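Asks: So the sequence lines, in the order shown, correspond to chains G and X. Using this note's numbering, read the first sequence as starting at 112 and increasing by one per residue. Using this note's numbering, read the second sequence as starting at 1105 and increasing by one per residue. Let me begin by handing over the structure; questions about it come next.
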Amino acid sequence: MRCALIGNPNVGKSLIFSQLTGLGVEVSNYPGTTVEMESGGLCYRGEIIEITDLPGTYSLEGSSDEERTVREVLQEESVDVGIVVMDARHLERNLYLFLQVVEYDIPLVGVLNMMDEADAQGVEIDMDALRNLLGVEILPTAAILGKNVNRIVPLARSATRPATLKVPYAQAIEAAIRSLQKTAGASRRESLLALQDLGGNRSLASLAAPLREEIERTTTMTISQIIAANRHNFAQRIVGAAVRVRGTTAPFDPDRLFTRPLSGIPILVATLLGVLMGVFLLGSVLEAWIVQMFDLYLIAPLGQSGLPPLLLTVGNSLAIALQAGIGIALPYIFLFFIVIAVLEDTGYISRAAFLSDSLMHRIGLHGGAIVPLIFGLGCSVPAVMTTRSLRNKRERIIASFLTTLVPCSARTMIIMGLVATFVGILPALSLYLIIVLLIMVTGTLLSRMLPGEQYGMITEMPSLRVPRPTLVLQKSWNRLREFLFIAIPLLAAGSIVLGLLEFYGAIQWFQDVVSPFSVGVLGLPAFALGALVFGIMRKEMALGTLAVLAGTAQLSLVLSPLQLYTFALVSILFIPCISTIAVLYRVIGPRYTAEITLYTLGLGVILGGLINFLV
Amino acid sequence: MMNEGKKEDLMEEVYLLTRNGTSSIPVSCLLSHLKIPCAELEELIAVLRAENALCREPCGEIALTACGRILAEQVVKKHQILEHFFVEMLGVDPHEAAKEACRLEHHISDELTGRLSDLVNRSAGKKGPDGIMETGISLLDCREGDSLVILRIDHPGKLHRLMDLGFLPGERIVIKRKLRNRALVVAVKGCDIALSPDIASLIRVEKPA
């Protein structure tokens, strides 16, 4: 049996899902989109029950990837039972989605989650009345306390009939539905979709178009607005009949601190800087320790193992790949994932977005992009992953472009280790200035060039909650696993290729080939370009490799200050590291990953060349 | 018996033709606009001159007297209100609406005109300075703490999300927070929604009575 969890964002759907399925969760992208869906299985009385957690949406009839995905999954008729998770505190708005799901004619179970908080707010729901009105089983739960979650699957197994209730639409809409049913044999849902020019059935849409025009001509609202209003009104009537709110004294509202500029902006700055500093400090200690452990117990013994040289090279490359992957994954990425999960689960992220909205508008984004951009200062990988929370692909692409330009901690190390140490602190700061300018220019250009309009922010501010540590860890672990799963093979392959190239003397050959370009365009010796290539594995490797290839750690002896400056600029700009490329591929797809890679490569070469020729 | 409608049409025509600064117009010009026989026009002018609504300038051209101007303005106003009512509220084709208004303007009472005018203003709003129909006020111009009713959403097609969250005409909303950069937090259907200024500018609201 296959069940699907459907619901608004922030209703505790993922929590219910993780409690139902445990750890055996598979994260997959819906074909052709970057929309994530989690599926997992459980065994109930000898029957395997597959559960899919569909992306949280407010509606099934918008044009976003998420909405289209949910629509298509429900249309495929492979879902046996739909489990609609609703927030008991905001039943009216949650019923709006429920009423749309009803039209898909699949057996349904309604889950009223967050009953504990609804009780605390004085919301009283007459379950029997609601069951009668909706015509499906309704289960009150409090997933955060684990209450009643175990009853969901038995109820879903006993659900066999679709709900019979029907939204009474405006007369003109009902007449149009009847007409489409009669002339084209379309279902109520198909007719409604066609009337709104959704659903992909071309012939039905062309039949519906004149009906839509006729309806819209005689009213001041669009047909989607009329349909939405009918659903909202129906939901309101249901809530009016089944829900009573006892007057309670309003508790202290923390948003009085978080969303007022006077207190909110210092809190925002302190939170983001605190996170950055904390992860940076803790991460660098952990990273140094992990790298040292690898050197001590894997790479050094390998060197003395007396393996044949070719095998040794491959082994060494694999060890370096693991070192790079785990050396950054565990300390930085995992720590960031934990922090991000905490910020998400508390609901603070939407407050941060609200406060920084107008600032972000200047670079073609809105408040939602503050988090990836700031976290990009720590590590690009989790930063790019958080761009998933942006509403449409256009915003995700712009944010991904800009996030990969933000200097992560590894690139900060290059700036500090090369420019600040050997050239001076002001040139080091000038690099940051260049990057800020590039981000602003890139953002402005992209927002003009990419098709689609700039959308403002329409973000729900979920009530603030204390996050559950187990849930935070589970979420972070799932994300980390996903990252390791895609990044480690790429790192290993890249490392082996580089190792073999070096083994067969191809690095020397590479340096000979690029030498004219390197010296002529960038003004850098060929070995510096070799070091840049290693930087693709892990940005800070560019620094170490440079020292190795130059044969000295006193880099100022072999390179002029200008050359050091150029090298640092090129290496922080050009080509994101392999881990970032892997996660970009996952979030925005191959085409834009390639574009970002080429764009940053171009930026690095052009700016490096400019400095060489102009200075 | 002289047709009252034709008299009013003539005054209206002289009023419209002299609105752009000239004080009087030649009879030939009136003839081509009104499309009535020359003799009938001369007769109408004579009657209106007798009623002290029109006068003939020394050069032979026709002009409105002060009294005639007031009468003509009333007719023109009735025409505008009727035409507006037909087009904006009944959805009549503008050309047809103009013809209907031309006929009815002579028969409708001042009382009925006034009530019709109130109705048009209440439901469709007043004309803004730029001549575009304005309904209510923009959500952006409201203050923190205001309790409001949504009148209309501009460009509703591209903002499905707004209507899914309950931003629809007739919905009551409260502004929970407004920043100096005009980003807003609005309570709708019991949920707090943060909006960018550009989104908020599309929402037109009014204060509930």
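Backbone N, C-alpha and C fix where the C-beta goes; we use that ideal spot for every residue, glycine too. These figures come from a predicted structure and were not determined experimentally.
With a CB to CB cut of under 8 Å and the five nearest residues on each side skipped, what residues in its chain are close to D1302/X?
Replies: Reading the second sequence from its first residue, position 198 is the one you call residue 1302/X. Cβ-Cβ distances below 8 Å link D1302/X to nothing in the same chain once the five nearest sequence neighbours on each side are left out.
Asks: Of all Cβ atoms in chain X, is any one closer than 8 Å to the Cβ of M568/G?
Replies: Within the first sequence, numbered from 1, the residue matching residue 568/G stands at position 457. It does: the Cβ of M568/G has a partner Cβ on chain X nearer than 8 Å.
Asks: Look up T1289/X in the DSSP assignment and give the residues it is bridged to.
Replies: Start at 1 with the first residue of the second sequence, and residue 1289/X comes out as number 185. The question names Thr, but residue 1289/X is Val in the sequence shown. V1289/X is bridged to R1281/X and A1298/X.
Asks: When you compare the region 1190 to 1208 of chain X with the region 1154 to 1168 of chain X, are there three or more beta-carbon pairs, one atom per stretch, that lie closer than 8 Å?
Replies: no
Asks: Nearest by alpha-carbon distance to S1213/X: which of R1247/X, Q1178/X and V1196/X is it?
Replies: By 1-based counting over the second sequence, the position of residue 1213/X is 109. It is Q1178/X whose Cα lies nearest to the Cα of S1213/X.
Asks: Using the Cα positions of L276/G and E203/G, report the straight-line distance between them to the nearest angstrom.
Replies: Locating residue 276/G in the first sequence gives position 165, counting from the first residue. Locating residue 203/G in the first sequence gives position 92, counting from the first residue. Each residue's alpha carbon lies about 16 Å from the other.
Asks: Report the option in P1312/X, L1138/X and R1247/X whose CA atom is closest to the CA atom of D1113/X.
Replies: Taking the second sequence and counting its residues from 1, the one referred to as residue 1113/X is at position 9. Ranked by Cα distance from D1113/X, the options P1312/X, L1138/X and R1247/X are led by L1138/X.
Asks: Measure from the C-beta of F465/G to each C-beta in chain X and report whether the shortest distance is under 8 Å.
Replies: Walking along the first sequence from the start, residue 465/G turns up at place 354. Answer yes: the Cβ-Cβ gap between F465/G and chain X drops below 8 Å somewhere.
Asks: If the cut is a Cβ gap below 8 Å, which residues of chain X does D191/G touch?
Replies: Residue mapping note: residue 191/G aligns to position 80 of the first sequence, counting from 1. For a Cβ distance threshold of 8 Å, nothing in chain X lies close to D191/G: the least Cβ distance comes to about 27 Å.
Asks: Which residues does DSSP pair with T581/G in a beta bridge?
Replies: The count along the first sequence starts at 1 and reaches residue 581/G at position 470. As far as DSSP is concerned, T581/G takes part in no beta bridge.
Asks: Leaving out five residues before and five after M648/G in sequence, what residues of the same chain have Cβ atoms less than 8 Å from its Cβ?
Replies: Counting from 1 along the first sequence, the entry for residue 648/G is found at position 537. Excluding residues within five positions, the ones whose Cβ falls inside 8 Å are I431, A432, A435, L602, G605, S606, L609, C688 and I689.
Asks: Quick one, which residues of the region 566 to 598 of chain G are near chain X if we go by CB-CB under 7 Å, in chain order?
Replies: G567, M568, I569, T570, E571 and M572
Asks: Does the separation of the CB atoms of H477/G and G567/G fall below 8 Å?
Replies: Taking the first residue of the first sequence as 1, we reach residue 477/G at position 366. Taking the first residue of the first sequence as 1, we reach residue 567/G at position 456. Yes, they are a contact pair.
Asks: Looking only at its own chain, which residues have a Cβ that is under 8 Å from the Cβ of P166/G, when we skip the five neighbours before and after it?
Replies: Here residue 166/G refers to the residue found at position 55 when the first sequence is read from its first residue. The residues are V146, E147, M148, E177, T180 and V181.
Asks: Taking G458/G as the reference, give the member of A115/G, Y696/G, S189/G and N121/G with the closest Cα.
Replies: Locating residue 458/G in the first sequence gives position 347, where the first residue counts as 1. Selected option, being the one with the closest Cα: N121/G.
Asks: Between the C-alpha atoms of S174/G and R505/G, what's the straight-line distance to the nearest angstrom?
Replies: Start at 1 with the first residue of the first sequence, and residue 174/G comes out as number 63. Start at 1 with the first residue of the first sequence, and residue 505/G comes out as number 394. The alpha-carbon atoms of S174/G and R505/G are separated by roughly 13 Å.
Asks: Could you tell me whether any Cβ in chain X is nearer than 8 Å to the Cβ of S500/G?
Replies: What you label residue 500/G is simply residue 389 of the first sequence in a count that begins at 1. By this cut-off, S500/G is not an interface position.
Asks: Where does I1236/X sit, in a helix, a strand or coil, going by DSSP?
Replies: Position 132 of the second sequence holds residue 1236/X. Summary for I1236/X: the model assigns pLDDT 43, below 50, so the residue's position carries little reliability; its value from the coordinates is reported in the next sentence. I1236/X falls in the coil class under three-state DSSP.
Asks: For a test of the three-state rule: what should DSSP assign to V1191/X, helix, strand or coil?
Replies: Position 87 of the second sequence, counted from the start, is the residue given in the question as residue 1191/X. V1191/X falls in the helix class under three-state DSSP.
Asks: Counting only runs of 4+ residues fully inside the region 347 to 404 of chain G, write out the alpha helix (DSSP H) ranges in chain order.
Replies: 366 to 369
Asks: If you measure between the beta carbons of I536/G and A693/G, is that distance less than 8 Å?
Replies: Here residue 536/G refers to the residue found at position 425 when the first sequence is read from its first residue. Here residue 693/G refers to the residue found at position 582 when the first sequence is read from its first residue. Contact: no.
Asks: By how many angstroms is the C-alpha of A231/G removed from the C-alpha of V192/G?
Replies: Start at 1 with the first residue of the first sequence, and residue 192/G comes out as number 81. Start at 1 with the first residue of the first sequence, and residue 231/G comes out as number 120. If I take the Cα positions, the gap works out to 31 Å.
Asks: For T497/G, which of R590/G, C154/G, L131/G and R576/G has the nearest alpha-carbon?
Replies: On the first sequence, position 386 is the one that residue 497/G refers to. Comparing Cα-Cα distances from T497/G to each of R590/G, C154/G, L131/G and R576/G, the minimum goes to R590/G.
Asks: Given this structure, state the Cα-to-Cα distance separating E1117/X from E1215/X, to the nearest angstrom.
Replies: The sequence position of residue 1117/X within the second sequence is 13, counting from 1. The sequence position of residue 1215/X within the second sequence is 111, counting from 1. So the alpha carbons of these two residues sit roughly 24 Å apart.
Asks: Of all the options E325/G, V220/G and V356/G, which has the alpha carbon lying nearest to the alpha carbon of V234/G?
Replies: Reading the first sequence from its first residue, position 123 is the one you call residue 234/G. Selected option, being the one with the closest Cα: V356/G.
Asks: Quick check: A254/G and Q336/G, are their CB atoms within less than 8 Å of each other?
Replies: For the purposes of this step, residue 254/G is taken as residue 143 along the first sequence, with counting starting at 1. For the purposes of this step, residue 336/G is taken as residue 225 along the first sequence, with counting starting at 1. Result no, Cβ atoms of A254/G and Q336/G do not sit closer than 8 Å.
Asks: Between the Cα of V190/G and the Cα atoms of D198/G, L244/G, L256/G and T271/G, which residue gives the shortest distance?
Replies: Taking the first residue of the first sequence as 1, we reach residue 190/G at position 79. The residue with the shortest Cα to Cα distance from V190/G is T271/G.
Asks: Under the assumption that R353/G contacts D198/G (Cβ atoms under 8 Å), give the Cβ distance between them as a whole number of angstroms.
Replies: For the purposes of this step, residue 353/G is identified with residue 242 of the first sequence, where counting begins at 1. For the purposes of this step, residue 198/G is identified with residue 87 of the first sequence, where counting begins at 1. Per the sequence shown, residue 353/G should be read as Ala rather than Arg. Contact flag wrong, Cβ pair sits at about 15 Å.
Asks: So, is D366/G buried or exposed, given that buried needs 16 or more other C-beta atoms within 10 angstroms?
Replies: For the purposes of this step, residue 366/G is identified with residue 255 of the first sequence, where counting begins at 1. The Cβ neighbour count for D366/G, taken over all protein chains shown within 10 Å, is at least 16; the residue is labelled buried.
Asks: Interface residues of chain C around T515/G at Cβ under 9 Å?
Replies: Chain labels in this structure do not include chain C; the protein chains are G and X.
Asks: On the three-pair Cβ rule with 8 Å, is the region 462 to 479 of chain G touching the region 519 to 531 of chain G?
Replies: no
Asks: Report yes or no: is there a C-beta of chain G within less than 8 Å of the C-beta of S1300/X?
Replies: Sequence index remark: in the second sequence, residue 1300/X carries index 196 (1-based). Interface residue, yes.
Asks: Between F405/G and the rest of its own chain, which residues show a CB-CB distance below 6 Å, the 5 nearest in sequence each way excluded?
Replies: Against the first sequence, residue 405/G aligns to sequence position 294. If we look at F405/G and ignore the five residues flanking it on each side, its Cβ neighbours are Q434.
Asks: Would you report the Cα separation of A510/G and L446/G, rounded to the nearest angstrom?
Replies: To locate residue 510/G, count along the first sequence from 1; it is residue 399. To locate residue 446/G, count along the first sequence from 1; it is residue 335. About 22 Å.
Asks: Based on the DSSP output, what are the partners of C154/G in its beta bridges?
Replies: Taking the first sequence and counting its residues from 1, the one referred to as residue 154/G is at position 43. Paired residue(s): I159/G.
Asks: According to DSSP, simplified to helix, strand and coil, what is D456/G?
Replies: Taking the first residue of the first sequence as 1, we reach residue 456/G at position 345. For D456/G, the secondary structure class from DSSP, reduced to helix, strand or coil, is helix.
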